[in-house]
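Here's the structure we're looking at; comments come further down.
Number of protein chains: 4
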Amino acid sequence: MRDGTKTKERIKKAALRLFVEQGVAETSIREIAKAAKVSQGAMYNHYTSKDELAWDLFSTHFSEFGLELRRIAPANPDLPTKFRAMIRYVFERFDADWVLVSYVFLARHQFLGRITRRQGNPYSAFHNVIAEAMRRGEIPRQDVEVATSLVVGGIIQMIDTAILAKRYDYPLRRFRKQGLEALSEPVADACVHLLMA
Amino acid sequence: MRDGTKTKERIKKAALRLFVEQGVAETSIREIAKAAKVSQGAMYNHYTSKDELAWDLFSTHFSEFGLELRRIAPANPDLPTKFRAMIRYVFERFDADWVLVSYVFLARHQFLGRITRRQGNPYSAFHNVIAEAMRRGEIPRQDVEVATSLVVGGIIQMIDTAILAKRYDYPLRRFRKQGLEALSEPVADACVHLLMA
Amino acid sequence: MRDGTKTKERIKKAALRLFVEQGVAETSIREIAKAAKVSQGAMYNHYTSKDELAWDLFSTHFSEFGLELRRIAPANPDLPTKFRAMIRYVFERFDADWVLVSYVFLARHQFLGRITRRQGNPYSAFHNVIAEAMRRGEIPRQDVEVATSLVVGGIIQMIDTAILAKRYDYPLRRFRKQGLEALSEPVADACVHLLMA
Amino acid sequence: MRDGTKTKERIKKAALRLFVEQGVAETSIREIAKAAKVSQGAMYNHYTSKDELAWDLFSTHFSEFGLELRRIAPANPDLPTKFRAMIRYVFERFDADWVLVSYVFLARHQFLGRITRRQGNPYSAFHNVIAEAMRRGEIPRQDVEVATSLVVGGIIQMIDTAILAKRYDYPLRRFRKQGLEALSEPVADACVHLLMA
DNA sequence: TATGAATGAGGGTTCATTCAT
DNA sequence: CATGAATGAACCCTCATTCAT
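Protein chains in written order, with the numbering used here: chain A, 14 to 210; chain B, 14 to 210; chain C, 14 to 210; chain D, 14 to 210.
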């Protein structure tokens, strides 16, 4: 209101940044309020607790990823194109707002216990795509969980490394220039290849 | 001493378990002391602060992994056997003491900024093995960082999934029976295959 | 607010009393809060730390004394009247609120290292008056520091003895009846006389 | 023992220094033990508590001063020579071991409540000398308490200023070269003069 | 006597949260 | 909806002191 930006939006933005910079537990309501230029008390007009705020931020975007990935997959004919599109989406999202993606990524262990299996879960989106490819004979039969772990793990690790590169000054400086999205095709292809074993 | 177990050992054990169960920030010194059957004050005869305790637990085992992996690699002739031996080591360690491995895995983002790049760093152990295989022509030339990310990511994700299986009642229930170690060969092979692309 | 008295005022009052009764280090924030009928947490809405509270209490009144003494001196024509007015001010202040004066007096060693030399410093107020009297030939030339020490020392010791009389049941019971102020003239005259040597 | 210095002596020395440097409350048994190169536990073979140590250090030297001053006074014929000898003793002691004297001086408010009136109390040594001089008609009749306060105050303030000069870098730098003792005669004379009023 | 690990009360401070305005 | 003082539980840590060796 003060500056045309909605209060709740400012809170989200500030919380996201601080959570990623310092960790959820290490960030106090005071800090968020201050960063969002809101009074401490006003925070509670928007979120009933710090936990609710952290969870809302996580679950919203976690599902968003899951849902979008589920939407993207059927729009592509085969495993290679599905993977490319799915991974490009994730990487583009990272390039556009790495703080948001980092949060979802880093906070996942804290919240995964609360996620219902079915709903927009990115992991299961990949799981389904792989299982279906196996059913269609696109890739050899193998343990789906292991296969999914390897694929998702590879993708996550790319993001992981990218986060480190953002936060410290780690290797993989390449996407400083190009963005992570530039890597989506080779990564997707590597994943497909991996499942051909 | 009280019961034949050294105090410091009891503290480590208790801290490790609580850190994994609840997170480092979410675990208080009081809780650790209680779980270790030590007074709060006694904690500080062994560690100068909670942070030092968390860091000691992390860095010790993190380097241990890195060092051991560096030791294992040269004892094997080619990439497939290297990978198998390295991954078997990690998975066996997980089966033997999943709490310890989970801690190192889960806390890594908190501490990675403090780790010196080269020393016993598991990531760089894989990095070196892959780079060397590339030099020797065992696998095609490609971006080493991307390659390492995919491989390490796959392995980590296996552990990640295994942790979730331990903590909640998630998929990949298979190694409930066999242990993660049973998967080391297929995972190693998939990793090799992936790099052949 | 709770009872019409401002919180910060209640904190100051309580802290002053406890600091004098027990010493700064020996007084806990908990005690002050309780005496001021405020929660522990609320203390920190008014002072960022216990040290800041102690320092604020000291420096405020220390400068106040210095400033007032500097104001009083020029309003009087010669050394005897200057001394009488200055000492009367100090003694009156003691009679009116001996706890406050005692605090400034007792805590001075703890804080003197932080005081800037010139500003409202009671010692230098006397220093200036004596130096000026020497310049004007009112008193013989002598070491100004020694002279000031003797004068200020005499005054302080009166207060010191008075504090002991308040706290224990020591000699100099006289001003139990009359107040310290009754002694300001004889003390001032003795000081003048002392400088005539 | 370890180095030929008796343990208890090392403890006293270390405690004295730390008490003056930091204050009694601000100095921990741990610190003293460390500075004295003694184990924490061993401290309690020599003193039953930190308070006993602080008190012992204070009362021993406080009485020592009082006793010595009482011994010095009668050895001199009149007030001027008495004052000179007494003040010289105090100032010499300061020059020889300013830490010790500072401790007695600074800690006096903390302990004065425990001192029995009669025994070796420096204040009362001066009190007696002045009262006697008054009886003998050496100085005019006046309030003995006030007179004593002014005299003792002047002396104490000299020491006070000297302590500040040692600890920070305050005025009265003169006795950096000569020692406080060089001032004993002028101070004594000023005191006599002051009582002549 | 000397040692230093162990104790647990208590220290200063921060926190999420409430509520009168 | 917004404010920010107030709350009091909880946090990390330090302390004087004890005691088995």
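Built from N, CA and C at the ideal position, the CB exists for glycine as well.
Quiz item: For the alpha helix (DSSP H) that aspartate 91 of chain B lies in, which residues bound it at each end?
Solution: The residue labelled residue 91 of chain B in the question sits at position 78 within the second sequence. First-last for aspartate 91 of chain B: undefined, no H or E at that position.
Self-check item: Reduced DSSP secondary structure (H/G/I, E/B, other) of glutamine 35 of chain A
Solution: Translated into the one-based positions of the first sequence, residue 35 of chain A becomes position 22. DSSP places glutamine 35 of chain A in helix when its eight states are reduced to three.
Quiz prompt | Selection of the region 129-162 of chain C by Cβ proximity to chain D, strictly under 7 Å | solution = Of all residues in the region 129-162 of chain C, the ones placed with a Cβ closer than 7 Å to any Cβ belonging to chain D are Glu158, Val159, Ser162, in chain order.
Quiz item: In whole angstroms, what is the alpha-carbon distance linking glutamine 123 of chain A and leucine 80 of chain C?
Solution: By 1-based counting over the first sequence, the position of residue 123 of chain A is 110. By 1-based counting over the third sequence, the position of residue 80 of chain C is 67. Straight-line Cα distance between these residues: approximately 59 Å.
Exercise. Name the residue from C:Phe75, C:Val117, C:Leu92, C:Val112 whose alpha carbon lies nearest to the alpha carbon of glutamate 145 of chain C.
Key: By 1-based counting over the third sequence, the position of residue 145 of chain C is 132. Comparing alpha-carbon positions, the option among C:Phe75, C:Val117, C:Leu92, C:Val112 lying closest to glutamate 145 of chain C turns out to be C:Leu92.
Practice problem: Report yes if the C-beta distance between glutamate 194 of chain B and phenylalanine 118 of chain B is below 8 Å; otherwise report no. | Solution: The residue you call residue 194 of chain B lines up with position 181 of the second sequence. The residue you call residue 118 of chain B lines up with position 105 of the second sequence. Not a contact, by the Cβ cut-off of 8 Å.
Quiz item: What residue range is occupied by the uninterrupted alpha helix (DSSP H) comprising tyrosine 116 of chain C?
Solution: The count along the third sequence starts at 1 and reaches residue 116 of chain C at position 103. Residues 111-124.
Exercise. Answer with yes or no whether the minimum CB distance from glutamate 3 of chain B to chain A is below 8 Å.
Key: Since the first residue of chain B shown is 14 and the last is 210, residue 3 of chain B is not available in this structure.
Practice problem: Check whether the Cβ atoms of leucine 31 of chain C and isoleucine 45 of chain C sit closer than 8 Å, and answer yes or no. | Solution: In the third sequence, counting from the first residue as 1, residue 31 of chain C sits at position 18. In the third sequence, counting from the first residue as 1, residue 45 of chain C sits at position 32. Closer than 8 Å, so yes.
Quiz item: Below 8 Å, can you find three or more Cβ-Cβ pairs linking the region 45-62 of chain B to the region 152-170 of chain B?
Solution: The region 45-62 of chain B makes no contact with the region 152-170 of chain B: fewer than 3 CB pairs, one atom from each, lie closer than 8 Å.
Practice problem: Using only the heavy atoms of the ligand SAH, determine whether one of them is closer than 7 Å to the beta carbon of glutamate 39 of chain B. | Solution: Looking for the ligand SAH in the displayed structure turns up nothing, as the structure carries no ligands at all.
Quiz item: Apart from the five residues on each side of it in sequence, which residues of its chain come closer than 7 Å, Cβ to Cβ, to isoleucine 172 of chain D?
Solution: As a position in the fourth sequence, residue 172 of chain D is number 159, starting the count at 1. Around isoleucine 172 of chain D: Phe107, Val114, Phe118.
Quiz item: Using a beta-carbon distance below 8 Å, is valine 103 of chain A in contact with chain B?
Solution: Numbered from 1 along the first sequence, position 90 holds the residue referred to as residue 103 of chain A. It does not: the Cβ of valine 103 of chain A has no partner Cβ on chain B nearer than 8 Å.
Quiz item: If you draw a straight line from the C-alpha of phenylalanine 96 of chain D to the C-alpha of aspartate 64 of chain C, how long is it?
Solution: Residue numbering aside, residue 96 of chain D sits at position 83 when the fourth sequence is read from its first letter. Residue numbering aside, residue 64 of chain C sits at position 51 when the third sequence is read from its first letter. Distance between the alpha carbons of phenylalanine 96 of chain D and aspartate 64 of chain C is about 41 Å.
Exercise. Pull up the distance between the alpha-carbon of aspartate 69 of chain D and that of arginine 101 of chain C, whole angstroms please.
Key: Numbered from its first residue, the fourth sequence carries residue 69 of chain D at position 56. Numbered from its first residue, the third sequence carries residue 101 of chain C at position 88. Their Cα atoms are separated by approximately 39 Å.
Practice problem: Check whether the Cβ atoms of alanine 67 of chain A and alanine 38 of chain B sit closer than 8 Å, and answer yes or no. | Solution: The residue you call residue 67 of chain A lines up with position 54 of the first sequence. The residue you call residue 38 of chain B lines up with position 25 of the second sequence. Not closer than 8 Å, so no.
Quiz item: In chain order, which beta strand (DSSP E) runs of at least 3 residues are fully inside the region 150-175 of chain C?
Solution: As summarised for the region 150-175 of chain C, there are no continuous beta strand (DSSP E) elements at least 3 residues long confined to that stretch.
Exercise. Give a yes or no on whether 8 Å exceeds the smallest Cβ distance from valine 165 of chain A to chain B.
Key: Here the question's residue 165 of chain A lines up with position 152 in the first sequence. Among the residues facing chain B, valine 165 of chain A is included, as its CB has a counterpart in that chain under 8 Å away.
Quiz item: Mapping DSSP to helix, strand and coil, what is aspartate 202 of chain B?
Solution: The residue you call residue 202 of chain B lines up with position 189 of the second sequence. Here aspartate 202 of chain B sits in helix by DSSP.
Quiz item: What three-state label does DSSP hand lysine 50 of chain C in the structure shown?
Solution: Stepping through the third sequence from its first residue, residue 50 of chain C is reached at position 37. Note: lysine 50 of chain C maps to coil in three-state DSSP.
Self-check item: Assigned secondary structure, isoleucine 24 of chain C (DSSP; H/G/I helix, E/B strand, else coil)
Solution: Counting from 1 along the third sequence, the entry for residue 24 of chain C is found at position 11. Isoleucine 24 of chain C: helix per DSSP, three-state reduction.
Quiz item: Name the chain D residues that come within less than 8 Å of valine 200 of chain C, Cβ to Cβ?
Solution: Within the third sequence, numbered from 1, the residue matching residue 200 of chain C stands at position 187. Here the neighbours are Val159, Leu163.
Quiz item: Taking DSSP as the reference, what is the three-state secondary structure of tyrosine 60 of chain C?
Solution: Along the third sequence, read from residue 1 onward, the residue named residue 60 of chain C stands at position 47. Looking at tyrosine 60 of chain C - three-state DSSP - the assignment turns out to be coil, as it is neither helix nor strand.
Quiz item: What number of angstroms, rounded off, separates the C-alpha of glycine 167 of chain C from the C-alpha of leucine 207 of chain C?
Solution: Numbered from its first residue, the third sequence carries residue 167 of chain C at position 154. Numbered from its first residue, the third sequence carries residue 207 of chain C at position 194. C-alpha separation (whole angstroms): 11 Å.
Self-check item: Residues of the region 37-54 of chain A whose Cβ lies closer than 9 Å to any Cβ of chain B, in chain order
Solution: Taken in chain order, the members of the region 37-54 of chain A whose beta-carbon sits within less than 9 Å of a beta-carbon on chain B are Val37, Ala38, Glu39.
Exercise. Identify, in the order they occur along the chain, each residue of the same chain with its Cβ nearer than 7 Å to the Cβ of serine 52 of chain C, setting aside the five sequence neighbours on each side.
Key: Position 39 of the third sequence holds residue 52 of chain C. Take serine 52 of chain C, set aside five residues on each side of it, and the residues of its chain with a beta-carbon closer than 7 Å to its own are Ala46, in chain order.
Exercise. Report the option in B:Arg84, B:Thr94, B:Lys50, B:Val112 whose CA atom is closest to the CA atom of glutamine 35 of chain B.
Key: Locating residue 35 of chain B in the second sequence gives position 22, counting from the first residue. Looking at the Cα atoms, B:Val112 is the closest of the given residues.
Quiz item: Do the CB positions of arginine 180 of chain A and glycine 133 of chain A come within less than 8 Å of each other?
Solution: As a position in the first sequence, residue 180 of chain A is number 167, starting the count at 1. As a position in the first sequence, residue 133 of chain A is number 120, starting the count at 1. Between arginine 180 of chain A and glycine 133 of chain A, the C-beta gap is not smaller than 8 Å, which leaves the two residues out of contact.
Practice problem: Grab the span of the alpha helix (DSSP H) containing serine 137 of chain C for me, first residue to last. | Solution: As a first step, residue 137 of chain C must be located in the third sequence, where it is residue number 124. Taken as a continuous stretch (DSSP letters only), the alpha helix (DSSP H) holding serine 137 of chain C covers 135-148.
Quiz item: To the nearest angstrom, how far is it from the Cα of valine 200 of chain A to the Cα of cysteine 204 of chain B?
Solution: Translated into positions along the first sequence, residue 200 of chain A becomes position 187. Translated into positions along the second sequence, residue 204 of chain B becomes position 191. For valine 200 of chain A and cysteine 204 of chain B, the distance between alpha carbons rounds to 13 Å.
Quiz item: Quick one: what does DSSP say serine 41 of chain C is sitting in, helix, strand or coil?
Solution: As a working note, residue 41 of chain C is residue 28 in the third sequence. If DSSP states are grouped into helix, strand and coil, serine 41 of chain C belongs with coil.
Practice problem: Check threonine 18 of chain C in the structure and name its three-state DSSP category. | Solution: By 1-based counting over the third sequence, the position of residue 18 of chain C is 5. Coil.
Practice problem: Answer with buried or exposed for threonine 40 of chain D, where buried requires no fewer than 16 other C-beta atoms within 10 angstroms of its C-beta. | Solution: Counted from its first residue, the fourth sequence places residue 40 of chain D at position 27. Counting Cβ neighbours within 10 Å, threonine 40 of chain D comes out buried, since at least 16 surround it.
Quiz item: What is the DSSP secondary structure of isoleucine 128 of chain D, counted as helix, strand or coil?
Solution: Reading the fourth sequence from its first residue, position 115 is the one you call residue 128 of chain D. In the structure shown, isoleucine 128 of chain D falls within a coil segment according to DSSP collapsed to helix, strand and coil.
Quiz item: CB isoleucine 169 of chain B to CB glutamine 170 of chain A, shorter than 8 Å?
Solution: The residue labelled residue 169 of chain B in the question sits at position 156 within the second sequence. The residue labelled residue 170 of chain A in the question sits at position 157 within the first sequence. One thing to note: isoleucine 169 of chain B has its Cβ within 8 Å of the Cβ of glutamine 170 of chain A.
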